[in-house]
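Just so you know, the protein sequences line up as chains A and B, in that order. So the first sequence is residues 17 to 359, counted in our numbering. So the second sequence is residues 291 to 915, counted in our numbering. By construction, the Cβ of each residue, glycine as well, lies at the ideal position given by its N, Cα and C atoms. The structure presented is a predicted model; accordingly, all values stated were derived computationally and were not measured.
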Amino acid sequence: MPPGFSGDGGGNGLSRKDFQSDQDVRWCPGCGDYAILSTVQRVLPELGVDKENVVFISGIGCSGRFPYYMDTYGMHSIHGRAPAFATGLKVSNPALDVWIVTGDGDALSIGGNHLIHALRRNIDTQILLFNNKIYGLTKGQYSPTSELGKVTKSTPYGSVDAPFNPVAVALGADASFVGRTMDRDPKHMKALMKAAHAHAGASFLEIYQNCNIFNDGAFFEFTERDTKSERALFVEDGQPLTYANGTKGLRLDGLSLEAIDLESDRWSVSDCLVYDTSDRQMAHLLGRIFWEDDLPRPFGVLYQEARPTYGDLVHQQLEAVTEKKGAGTLHDLLHSGDTWTID
Amino acid sequence: MSAPDTAAPTSIPEATVLFAGDSGDGMQLTGSQFTLASAYAHNDLATLPDYPAEIRAPAGTTYGVSGFQLHFGAVDIHTPGDKVDLLIAMNAAALKVHKHRVRTGGTIAVNTDAFADRDLDLADLDSNPLTDGSLADYEVIEIPLTTLTRDALADTSLSKKQVDRSKNMFALGLALWMYSRPVAPAEDWIRQKFADQPAIRDANLHVLRKGTHYGETIEAIGHRYTVDAAAMKPGTYRAIRGAQALALGLVAAGDQSGLDVFYGSYPITPASDILHEISKHKNFGVITFQAEDEIAAVGSAVGASFSGNLGVCATSGPGVALKTETIGLAVMTELPLVVINMQRGGPSTGLPTKPEQGDLLQALYGRNGEAPLPVIAPTSPGDCFYAAYEAARIATKYMTPVMLLADGYLGNGSEAWRIPSIDDLPPFDVRFETGPTDRTMHKDDDGNDQFLPYVRHEDTLARVWARPGTPKLEHRIGGLEKEARTGNVSYDAENHQRMVETRAAKVERVAQDYPPTAVHGATEGELLVLGWGSTKGAIEEAVERVNESGRRVGRVQLRHVFPLPRDLEEILDRFETILVPELNNGQLIRLLRDTYLRDFQPLNKIQGRPFRAEEIVAAIENHLG
């Protein structure tokens, strides 16, 4: 279990209330964002982080308002560009605990470029992607995660855009931590946020979030009681991939995943693939479950690897150069190269 | 038996030399070494490289020609020179491209080995200029440069290619001899550069000396010159290019303010040279970040400023276009930011390697909403150092993005720069909030103590700057309109007007720090030449020339383009005509007409080239009648 995963329930004697700003929360009643905000405010006291070191950076959209509701440092930046601001901030002051809050349009459409580069560089931040498969703040256009054929105000005859699978995008961009959770399971969400926070590097966490105004029920098959167990699979490192209360599982058939019935005589839990979060190939297999309806959607930490963060490498280089050349003095710098003196 | 000394040197006050050849001929290096020799001869100087946008254009073609121009003298040198006294053309294409820049009666030294039929074809020449009479107005020195270099190195083990590569040293040696320059600096440089390759080192030294000997022995060269030391202010000097000076100015700003410099940048010509320079100086704690695009570059810089560092980014016009939205955010969040625009010919990709002053209106007005910011324009390569330092100082003192408008002419050009004493740099103190004070705290709606990030300093109207990591000063900023003190989101009508006016008033306050505007030449009278930024050298030379002929013309060069200096109007009142030369289609002149409600006379050049002094002289004389 990574450090901080369990939490100590107290941190620095802070409580949820210490992280609530005095600003009225202005999301629509019933929005999934409330659950995410509340979970973040409950998690932070358990992380043992000094409040003044916490910074939330957001882009534009409904998720963009997030920093205003947190009584921490924060910046509501530019559409899609939060990773860029966070990069400059984190690299400038590595002591800060930087969270990026973004949405499906913000992160994957206008900000797609910055997201992939923050991931490949491994900027030590937590990236919370609120995916509701719709543009909310601009009042209901299809988004880059909306399904093909989606009928919206901007696509009255159905969308002809193939959707992104955010987890596959993150894995493709060599993210060092990739997880997925849902707004309707605060306990799981909290555990995933803690895991993301404990990871040194760019932690990408996709959160299925219900927009009850423009895309109500987009994820209900995964989040609601009557279908959740059949359609959602919660992966655990070192555990076999089972779901439907242990009655079903996933096994490897060649290079493909196959759903198997564990109640039949043919299969047992020992046939199920044992998940290894450090196995990139396994993560790719599971991460690609998106276009296949016959397989359950995986949730949890899908991939995690330890590798140097960009900020660490930057500062190691600064130190190495300074050690080699000595701390710079301005006088010597200005007089470097060929000089001549006129008396 | 030694050759007779046919060339008794003539003393001249100044000269302009242009080395031109193929991109692979090493002309930039040759020019730099000639510059160094002139510096050691204590001449004042200015240089301008002129190289193609293509990295390796086909050899021998006109678009592959690379040039390096140097103006040096015993007198004050303001520009890299209007007209060339000596052109060294390494091939037919170089001669074709640069011939028109040589003054009538000037000298053209050509490498006759590069005028075969194929060379003429590549240069798209119908006839051989060496024989068709087209060089009748010049003094031509024909030198079989390639053959002589090969002969000189006949005994070495070097390959033909290596031998031919050293022919630029022959040209350098000859040019040094013609202007009685010291040879030792170039020799020292060769010894250092090729310390690990003794064969190449010795070959270059040998060819360099052969070049000087050639000047002594060949009778074809009728003239040899000396240029005395200039009467320069005592001090230690170095040749500095504008891009280098900008980088050093930023390092100096970090050093003197105690702020770590964060330089976010995306490669673009001609701004990349600043990145190349500043990334060498990591032992000053400078962080350089090569971003994924222009938007990320400026975003990272704003993020760095939010952290309490000095966020800087540099680009050219197209890059500024992409950064526009983020610069607006820096206006709204009132965070310091330095944006350097190495202007180039536009619009769009335009003329990537050619200078233009076409982005002034973009700097002033190129953002959505009411988003004024200070604009500073350095006036010479060396001034780039001070401009970068000052831009950083204004940005942090007034909590505002600052646009610095340089261009490729300043960035690539160099001059003899008197190195400042560190003690003479303006003081650079930064005010951070370190904890709660009565002035910056209030009780929020829930009765809790809350920091007020938009409380302002009375002298500057700058808001307070609190770094994340400072206990009890947690606050949120962003692009939505801010309530005047709390910084909370506010859509209140009156608050918005007040905030727009406050941000504008803050930027206007920047002018309170300017020194009095200097008027050179006549301080009143018939005509004032009012320029801005990089045109200073040409205007200075032009006004001096006109005044030498008995006229009384004044000149002012604006470094601070926005806000305009408070004493400028009173200066304008003292002149009948005001001539505004710009390397654009008339941009400063719009600001001037708008601000002062009077007329100004434009002089516009939009050719991707700097002004020549004679063009400004002609315009002045035209107006004086």
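Length of the line joining the Cα atoms of residue i and residue j
i	j	result
B:H332	B:L360	14 Å
B:S711	B:P743	37 Å
A:D309	A:A275	11 Å
A:M298	A:D292	7 Å
A:V59	A:A100	25 Å
B:Q787	B:G311	59 Å
B:A297	B:R491	Any answer about B:A297 is weak, because its pLDDT of 49 lies below 50 and its placement is not dependable; what the coordinates show is given next. Roughly 30 Å between the two C-alpha positions.
A:D277	A:E246	12 Å
A:I139	A:I116	11 Å
B:K451	B:I585	44 Å
B:D545	A:L346	7 Å
A:D122	A:G262	37 Å
B:P662	B:P805	21 Å
A:G188	A:V70	29 Å
B:F309	B:V517	18 Å
Contact with chain A by residue i, beta-carbon distance below 8 Å
i	result
B:E615	yes
B:I480	no
B:E764	yes
B:E582	yes
B:R528	yes
B:Q740	yes
B:N912	no
B:M731	no
B:E384	Rather than Glu, the amino acid found at residue 384 of chain B in this sequence is Ala. No, B:A384 lies away from the interface with chain A (no Cβ there is under 8 Å from its Cβ).
B:G554	yes
B:I712	yes
B:G601	yes
B:L462	no
Neighbouring residues, chain B, relative to residue i (Cβ below 8 Å)
i	result
A:Q333	K572
A:V337	K572, N573
A:L112	S597, P758, G759
A:F101	G589, S590, V592, G593, F596
Nearest candidate by alpha-carbon position, reference residue i, set the options
i	options	result
B:I767	A:N181, A:S54, A:D87	A:D87
A:G174	A:C227, A:V185, A:Q157	A:Q157
A:V183	A:V117, A:I73, A:I132, A:N261	A:I132
B:G915	B:T760, B:V836, B:P717, B:V754	B:V836
B:N874	B:I398, B:Q633, B:R471, B:N458	B:Q633
B:R531	B:A828, B:T351, B:S704, B:D719	B:S704
B:V621	B:S638, B:S595, B:G823	B:S595
B:S417	B:L549, B:T436, B:A444, B:K386	B:K386
A:I150	A:L208, A:D66, A:G77, A:P324	A:G77
Within chain A, the residues that residue i reaches when beta carbons sit closer than 7 Å
i	result
B:L770	H92
B:A681	The premise fails here: B:A681 is roughly 17 Å from chain A at the closest Cβ pair, so nothing lies under 7 Å.
B:T760	E68
B:I767	M91
B:N778	Q39
Beta-carbon proximity check, residue i vs residue j, cutoff 8 Å
i	j	result
B:P892	B:V870	yes
A:G119	A:S79	yes
B:T306	B:T325	no
B:I564	B:A604	yes
B:P645	B:Y556	no
B:I367	B:L335	yes
A:I52	A:F146	yes
B:F675	B:L538	yes
Short CB-CB distance (under 8 Å) between residue i and chain B
i	result
A:L349	yes
A:D177	no
A:Q57	no
A:K341	yes
A:R97	yes
Chain A residues whose Cβ lies nearer than 8 Å to that of residue i
i	result
B:M522	I358
B:H332	W356, I358
B:I577	V107, S108, V330, L334
B:L619	S93, I94
Cβ of residue i within 8 Å of any chain D Cβ
i	result
A:H130	The chain inventory of the structure shown lacks chain D, comprising the protein chains A and B.
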